[in-house]
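Student: Quick one: this structure, given as structure tokens, is what I'll be asking you about.
There are 2 protein chains.
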Amino acid sequence: MLSERALPPQPSLPERRRGGRARRAAGGAGATKAGLVLRRIPTYELLGEEALLALEEQADWILSEIGIEFRGDAEARRLFAAAGCSVEGDRVRFQPGQATALCATAPAEFTLHARDPHYSVALGGDHLVLMPGYGSPFVTDLDRGRRYATIEDFRNFVKLAWMSPWLHHSGGTVCEPTDIPVNKRHLDMVHAHLTLSAKPFMGSVTAPERAADSIEMSRIAFGADFVAENAVMQGNINVNSPLVFDETMSGALRTYAEAGQCVCVSPAIFGGAMGPVTPAAVAAQTHAEAMAGIALAQLARPGCPIVYGSFHNTMSLKTGSLTFGSPEANLVTLVLGQLARRLDVPVRSGGGQITSANSADGQAMADSTSAMWATLLSGANQVWHAAGWLEGGLTMGYEKFVMDLDQCGAMLRMIEGMEVNAGTLTPESYREAGPGENFLSTRHTLQHFATANFIPDISEGGAFERWAEDGCRTVEERANDRWKAMLSAYEPPPIDPGVDEALTEFVARRKAAMGDDWY
Amino acid sequence: MLSERALPPQPSLPERRRGGRARRAAGGAGATKAGLVLRRIPTYELLGEEALLALEEQADWILSEIGIEFRGDAEARRLFAAAGCSVEGDRVRFQPGQATALCATAPAEFTLHARDPHYSVALGGDHLVLMPGYGSPFVTDLDRGRRYATIEDFRNFVKLAWMSPWLHHSGGTVCEPTDIPVNKRHLDMVHAHLTLSAKPFMGSVTAPERAADSIEMSRIAFGADFVAENAVMQGNINVNSPLVFDETMSGALRTYAEAGQCVCVSPAIFGGAMGPVTPAAVAAQTHAEAMAGIALAQLARPGCPIVYGSFHNTMSLKTGSLTFGSPEANLVTLVLGQLARRLDVPVRSGGGQITSANSADGQAMADSTSAMWATLLSGANQVWHAAGWLEGGLTMGYEKFVMDLDQCGAMLRMIEGMEVNAGTLTPESYREAGPGENFLSTRHTLQHFATANFIPDISEGGAFERWAEDGCRTVEERANDRWKAMLSAYEPPPIDPGVDEALTEFVARRKAAMGDDWY
Numbered sequence: 001m002l003s004e005r006a007l008p009p010q011p012s013l014p015e016r017r018r019g020g021r022a023r024r025a026a027g028g029a030g031a032t033k034a035g036l037v038l039r040r041i042p043t044y045e046l047l048g049e050e051a052l053l054a055l056e057e058q059a060d061w062i063l064s065e066i067g068i069e070f071r072g073d074a075e076a077r078r079l080f081a082a083a084g085c086s087v088e089g090d091r092v093r094f095q096p097g098q099a100t101a102l103c104a105t106a107p108a109e110f111t112l113h114a115r116d117p118h119y120s121v122a123l124g125g126d127h128l129v130l131m132p133g134y135g136s137p138f139v140t141d142l143d144r145g146r147r148y149a150t151i152e153d154f155r156n157f158v159k160l161a162w163m164s165p166w167l168h169h170s171g172g173t174v175c176e177p178t179d180i181p182v183n184k185r186h187l188d189m190v191h192a193h194l195t196l197s198a199k200p201f202m203g204s205v206t207a208p209e210r211a212a213d214s215i216e217m218s219r220i221a222f223g224a225d226f227v228a229e230n231a232v233m234q235g236n237i238n239v240n241s242p243l244v245f246d247e248t249m250s251g252a253l254r255t256y257a258e259a260g261q262c263v264c265v266s267p268a269i270f271g272g273a274m275g276p277v278t279p280a281a282v283a284a285q286t287h288a289e290a291m292a293g294i295a296l297a298q299l300a301r302p303g304c305p306i307v308y309g310s311f312h313n314t315m316s317l318k319t320g321s322l323t324f325g326s327p328e329a330n331l332v333t334l335v336l337g338q339l340a341r342r343l344d345v346p347v348r349s350g351g352g353q354i355t356s357a358n359s360a361d362g363q364a365m366a367d368s369t370s371a372m373w374a375t376l377l378s379g380a381n382q383v384w385h386a387a388g389w390l391e392g393g394l395t396m397g398y399e400k401f402v403m404d405l406d407q408c409g410a411m412l413r414m415i416e417g418m419e420v421n422a423g424t425l426t427p428e429s430y431r432e433a434g435p436g437e438n439f440l441s442t443r444h445t446l447q448h449f450a451t452a453n454f455i456p457d458i459s460e461g462g463a464f465e466r467w468a469e470d471g472c473r474t475v476e477e478r479a480n481d482r483w484k485a486m487l488s489a490y491e492p493p494p495i496d497p498g499v500d501e502a503l504t505e506f507v508a509r510r511k512a513a514m515g516d517d518w519y
Numbered sequence: 001m002l003s004e005r006a007l008p009p010q011p012s013l014p015e016r017r018r019g020g021r022a023r024r025a026a027g028g029a030g031a032t033k034a035g036l037v038l039r040r041i042p043t044y045e046l047l048g049e050e051a052l053l054a055l056e057e058q059a060d061w062i063l064s065e066i067g068i069e070f071r072g073d074a075e076a077r078r079l080f081a082a083a084g085c086s087v088e089g090d091r092v093r094f095q096p097g098q099a100t101a102l103c104a105t106a107p108a109e110f111t112l113h114a115r116d117p118h119y120s121v122a123l124g125g126d127h128l129v130l131m132p133g134y135g136s137p138f139v140t141d142l143d144r145g146r147r148y149a150t151i152e153d154f155r156n157f158v159k160l161a162w163m164s165p166w167l168h169h170s171g172g173t174v175c176e177p178t179d180i181p182v183n184k185r186h187l188d189m190v191h192a193h194l195t196l197s198a199k200p201f202m203g204s205v206t207a208p209e210r211a212a213d214s215i216e217m218s219r220i221a222f223g224a225d226f227v228a229e230n231a232v233m234q235g236n237i238n239v240n241s242p243l244v245f246d247e248t249m250s251g252a253l254r255t256y257a258e259a260g261q262c263v264c265v266s267p268a269i270f271g272g273a274m275g276p277v278t279p280a281a282v283a284a285q286t287h288a289e290a291m292a293g294i295a296l297a298q299l300a301r302p303g304c305p306i307v308y309g310s311f312h313n314t315m316s317l318k319t320g321s322l323t324f325g326s327p328e329a330n331l332v333t334l335v336l337g338q339l340a341r342r343l344d345v346p347v348r349s350g351g352g353q354i355t356s357a358n359s360a361d362g363q364a365m366a367d368s369t370s371a372m373w374a375t376l377l378s379g380a381n382q383v384w385h386a387a388g389w390l391e392g393g394l395t396m397g398y399e400k401f402v403m404d405l406d407q408c409g410a411m412l413r414m415i416e417g418m419e420v421n422a423g424t425l426t427p428e429s430y431r432e433a434g435p436g437e438n439f440l441s442t443r444h445t446l447q448h449f450a451t452a453n454f455i456p457d458i459s460e461g462g463a464f465e466r467w468a469e470d471g472c473r474t475v476e477e478r479a480n481d482r483w484k485a486m487l488s489a490y491e492p493p494p495i496d497p498g499v500d501e502a503l504t505e506f507v508a509r510r511k512a513a514m515g516d517d518w519y
């Protein structure tokens with residue numbers, strides 16, 4: 001554990017230091033930079049053995065007695081039947097323990113390669129990967145207000161994620177580029193991830209052919225041989241909860257899995273609507289649905305990299321609106337980390353910096369911070385929605401994004417833990433500065449003062465009078481300055497000109513081969 | 001653990017239900033109301049045995065090699081010398097292990113009695129007591145801005161704390177009534193706590209005679225015989241860190257201890273200034289200073305109730321300003337919970353909902369929420385500054401206060417944990433609503449929907465359009481409505497007219513006996 005480390009890089013320009021795998025053994029200060037990050041504090045074990053067994057038994061009961069439907073995907077059902085599951089119509093049922101057994105070929109840890117190997121990440125074990133929000137149709141900022149997202153917004157968020165040392169992954173649909181026809185969006189999105197960033201990313205899953213395009217573009221960037229043997233991309237497979245995989249999702253799941261690319265299986269349960277209203281039931285059902293999807297991926301290609309995902313929240317059953325960062329949802333987040341660890345697979349938390357607030361106000365940050373604590377203490381390996389999320393995910397906020405970055409940096413500092421040794425206990429300082437004396441001028445303080453504490457970008461304290469003279473600016477107003485400054489300073493990562501050209505050509509060719517569809 | 005419980009009371013009027021001790025055995029829904037509250041989730045154990053031992057050894061080393069000064073308090077030094085400590089001038093040194101041994105008579109758990117026994121609380125074990133902020137010279141609200149606090153503000157915060165089911169204690173100097181002469185403030189403050197609220201409170205410590213007045217007023221309210229045998233009041237003893245108790249504090253400490261009233265010993269270490277800059281050193285030094293104060297209380301009256309306190313934060317060593325809710329400070333908070341548990345004494349966390357932000361913006365709530373997670377997972381028994389704190393404690397915010405109340409309620413829900421049993425797993429619901437079906441109309445959902453989730457007062461989500469129609473009001477603006485509505489609805493708790501009269505008479509008599517001092 002590190003508490004005296006090199007100053008974390010301030011997020012003005014992305015890290016360019018090379019090193020790749022070497023950093024893993026080295027650990028140390030590099031571990032706080034983009035790329036490999038290790039959680040060095042214990043996970044929080046909310047439930048004991050008896051309660052965890054009860055949840056696992058309930059998941060097994062759901063999969064054996066109720067079963068789960070793979071609608072419209074005969075190949076998926078064929079794979080399950082061949083593995084010994086009972087298949088009636090769309091319904092697949094597992095014997096107790098069978099889903100767990102089918103998940104056993106999933107790797108406990110794997111590398112998700114980035115175009116620049118410096119930014120490759122490990123998923124699983126004590127590794128942590130933070131990512132931007134996902135899927136918002138709207139964006140907002142203090143200047144222009146809330147509006148439909150465009151490809152320009154998409155590119156802006158890819159740039160901001162690239163520039164932050166606190167995000168380790170470029171994300172997927174960081175916002176919906178609603179000015180691009182639906183059937184062509186994936187081309188522009190993957191192109192942006194592959195050219196404006198060099199961090200890992202997620203490809204399209206909205207149709208099997210779009211998943212295939214995403215993989216094809218990866219082959220251009222990484223080389224087909226490399227992609228055949230390595231995970232360079234992730235696809236998000238949302239379960240159509242309760243207990244249904246639709247054809248689009250299970251098809252995309254198989255496309256990614258067969259290509260050896262990473263599938264993240266994310267049940268999406270709003271307690272009370274897509275499942276019972278209690279946290280325990282939401283946890284058990286999530287476990288059942290996640291195992292079923294992981295089992296399908298393993299049947300499609302044994303050993304293919306997967307991530308145990310979740311997306312769960314609560315509803316204000318008074319008003320019917322969804323709530324995020326609620327205590328009940330945070331309890332589920334903590335428990336899903338425990339269940340995934342027992343399955344020995346990498347876990348994507350259903351948490352992140354999430355909120356139902358409509359603006360980046362105090363509620364937004366309280367919800368987000370609370371969800372993020374549950375997320376990180378749950379032992380999550382991958383955190384979607386770590387930056388930008390507002391309004392239950394309907395909106396990506398520019399200011400919220402950089403406010404969240406400060407919190408990501410602080411949480412990354414926290415998971416380094418507390419180092420206890422003679423160097424940090426510094427008994428010699430008490431001989432320099434005794435009772436009633438000031439430690440500011442001790443050698444230890446002078447040596448460490450610049451690097452001892454995490455330094456946020458836009459959080460601030462200090463004299464009220466100075467703050468008032470500066471116009472009583474809230475953190476949201478300071479964030480407005482910050483994202484603009486970041487975008488002004490943006491520089492794209494280097495790319496092989498041949499690859500750049502081939503990607504552009506591929507996008508143009510595929511677009512030319514299709515009409516514009518808006519659904 | 002409870003996840004299906006009665007709807008927590010909405011904070012409009014205080015709970016009046018009687019029951020006192022009986023509720024303790026009963027537990028259940030009552031446990032979320034004012035009075036006795038139990039943490040039903042595990043503590044978070046950040047450090048392992050080896051690191052904890054190293055911190056304890058460092059604390060012992062500080063107390064034996066460096067020592068700690070009790071300046072101007074010959075009686076304190078006499079007590080330590082009589083107990084076998086080495087005393088040279090003001091400096092007291094303990095043999096290794098001696099401070100721990102002197103703390104052994106401190107009770108692991110005790111009752112802090114409230115004027116209305118329904119609101120009596122337990123300190124220690126798994127009990128949790130949340131309190132308002134403490135000590136701010138300023139207050140702020142959206143209407144009038146930041147200004148010096150007055151006795152009217154003080155009374156307002158006592159009323160708000162009384163009305164909230166999420167605060168279990170009326171606090172102490174919830175803000176400084178700067179319009180009252182310094183030497184008379186304690187009379188008006190204790191009077192407000194004893195008449196406007198019926199929850200436990202803190203008395204004055206700013207001079208031994210003020211501590212004595214506080215105790216005398218308690219005797220009027222509770223009866224002298226009861227006060228002689230029971231803790232009805234707490235005093236906050238701030239260590240003049242590093243390693244100094246000044247005469248005012250050690251004198252007040254002895255006054256409270258001798259009267260059998262509760263002393264909370266709070267080292268106050270700004271890492272880098274009042275101690276070394278590393279979290280490990282801050283934790284070890286806090287432990288040393290807290291043990292020394294607790295030891296003195298036990299020497300003054302063996303078995304007297306004490307609380308192991310702390311107040312620690314980080315500094316932005318770039319700008320020199322204090323920072324709150326920082327990851328380094330949160331790590332210390334977590335570890336101090338571990339150290340206090342090993343000493344087997346009740347612990348007051350140095351956390352709470354604290355921030356250095358100058359307004360109740362997103363940073364304020366992110367800092368506060370982060371600190372509160374560390375605080376509650378540390379196993380803290382008592383949380384000061386759980387509501388209202390802004391600007392590093394210089395200001396109590398009316399809006400921040402009620403925003404924090406929502407977070408207190410959410411955290412109190414979280415510490416109830418997740419109940420896992422047939423009633424919460426509800427397998428029968430999956431027979432009612434199978435794959436692809438909606439659980440909203442299942443019997444289980446209908447039965448539990450109104451009470452399943454914590455319902456905040458002013459946090460909200462819901463349709464952006466409706467929110468925009470309502471004027472895009474932030475949570476801070478909604479909070480402004482909320483505290484005004486609460487104050488309008490305030491009703492004082494019942495009080496025996498004779499007691500009321502005697503308290504008023506005591507205050508008038510003491511005030512008449514003094515001139516006005518403003519220092």
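Protein sequences, first through last, are from chains A and B.
FYI, the numbering for the first sequence is 1 to 519, going by full-length UniProt numbering.
FYI, the numbering for the second sequence is 1 to 519, going by full-length UniProt numbering.
For glycine and all other residues, C-beta sits at the position ideal for the given N, C-alpha and C.
Quick one: any contact between the segment 415-427 of chain A and the segment 279-298 of chain B, if contact means 3 or more CB pairs under 8 Å?
Tutor: yes
Student: From Ala-198 of chain B to Asp-116 of chain B, what does the alpha carbon distance come to, in whole angstroms?
Tutor: 5 Å
Student: Put Val-420 of chain A into one of helix, strand or coil per three-state DSSP.
Tutor: coil
Student: Contact check, Val-190 of chain A vs Ile-237 of chain A under 8 Å by CB: the rounded distance?
Tutor: The Cβ separation is near 17 Å, so there is no contact.
Student: With a threshold of 8 Å between beta carbons, is Asn-183 of chain A in contact with chain B?
Tutor: No, no contact with chain B.
Student: At 7 Å on the CB atoms, spell out the chain A contacts of Gly-330 of chain B, in chain order.
Tutor: The residue asked about is misnamed: residue 330 of chain B is Asn in this sequence, not Gly. Under the 7 Å cutoff, chain A gives Met-414.
Student: For Leu-46 of chain B, decide whether its Cβ has a neighbour in chain A, counting only Cβ atoms nearer than 8 Å.
Tutor: yes
Student: Using the C-alpha atoms, what's the distance from Ser-86 of chain A back to Gln-363 of chain A?
Tutor: Gln-363 of chain A and Ser-86 of chain A have their alpha carbons spaced roughly 47 Å apart.
Student: Can you give me the start and stop residues for the beta strand (DSSP E) that Arg-91 of chain A sits inside?
Tutor: Residues 91-93.
Student: For the putative contact between Thr-195 of chain B and Pro-492 of chain B, defined by C-beta atoms under 8 Å, what is the C-beta separation to the nearest angstrom?
Tutor: Between Pro-492 of chain B and Thr-195 of chain B the Cβ distance is about 7 Å, and since that is below 8 Å, they are a contact.
Student: Using 8 Å as the limit for Cβ to Cβ distance, is Phe-226 of chain B near chain A?
Tutor: no
Student: Thinking Phe-324 of chain A and Ser-356 of chain A are a contact (beta carbons under 8 Å), I'd like their distance in whole angstroms, please.
Tutor: Confirmed, Cβ separation roughly 5 Å.
Student: Would DSSP call His-191 of chain B helix, strand or coil?
Tutor: helix
Student: Taking its Cβ as the centre, do 16 or more other Cβ atoms sit within 10 Å of Pro-497 of chain B, making it buried, or is it exposed?
Tutor: exposed
Student: Could you please give the first and the last residue of the uninterrupted alpha helix (DSSP H) stretch that includes Tyr-519 of chain A?
Tutor: That residue, Tyr-519 of chain A, is in no alpha helix (DSSP H); it is neither H nor E in DSSP.
Student: Which chain B residues sit within Cβ distance under 8 Å of Val-277 of chain A?
Tutor: Phe-439, His-444, Thr-445, His-448, Phe-449, Ala-452 and Asn-453
Student: I need the straight-line Cα distance from Ala-290 of chain B to Asp-344 of chain B, nearest angstrom please.
Tutor: 13 Å
Student: Threshold first: 4 residues or longer. Then list the alpha helix (DSSP H) segments lying entirely within the segment 100-169 of chain A, N to C.
Tutor: The alpha helix (DSSP H) runs of length 4 or more contained entirely in the segment 100-169 of chain A are, from start to end of the chain, 151-163.
Student: Do Gln-285 of chain B and Pro-242 of chain B have their CB atoms nearer than 8 Å?
Tutor: yes
Student: In the DSSP assignment, find the unbroken beta strand (DSSP E) run with Phe-70 of chain A in it and report its ends.
Tutor: 68-70
Student: Which residues does DSSP list as the beta-bridge partners of Glu-88 of chain B?
Tutor: Looking at the DSSP assignment, Glu-88 of chain B forms a beta bridge with B:Arg-91.
Student: For a contact defined as C-beta to C-beta under 8 Å, what are the partners of Ala-360 of chain A on chain B?
Tutor: Gly-362
Student: Mark Ser-488 of chain B as exposed unless 16 or more other C-beta atoms lie within 10 angstroms of its C-beta, in which case mark it buried.
Tutor: exposed
Student: Within 8 Å (strictly less), CB to CB, does Arg-23 of chain A reach chain B?
Tutor: Reliability fails at Arg-23 of chain A, whose pLDDT of 30 lies under 50, so the model's placement of it is uncertain and the value that follows must be treated cautiously. Judged by the 8 Å Cβ criterion, Arg-23 of chain A is not in contact with chain B.
Student: Apart from the five residues just before and just after Phe-226 of chain B, which ones in its own chain have a Cβ nearer than 8 Å to its Cβ?
Tutor: A distance below 8 Å between beta-carbons, with the five flanking residues on each side excluded, links Phe-226 of chain B to the following residues of its chain, in chain order: His-113 and Val-232.
Student: List the residues that DSSP assigns as beta-bridge partners of Ile-306 of chain B.
Tutor: Under DSSP, Ile-306 of chain B takes part in a beta bridge, and its partners are B:Val-263.
Student: Using the rule of at least 16 other Cβ atoms within 10 Å of the residue's Cβ for burial, across every protein chain shown, is Glu-88 of chain B buried or exposed?
Tutor: Glu-88 of chain B should be labelled exposed.
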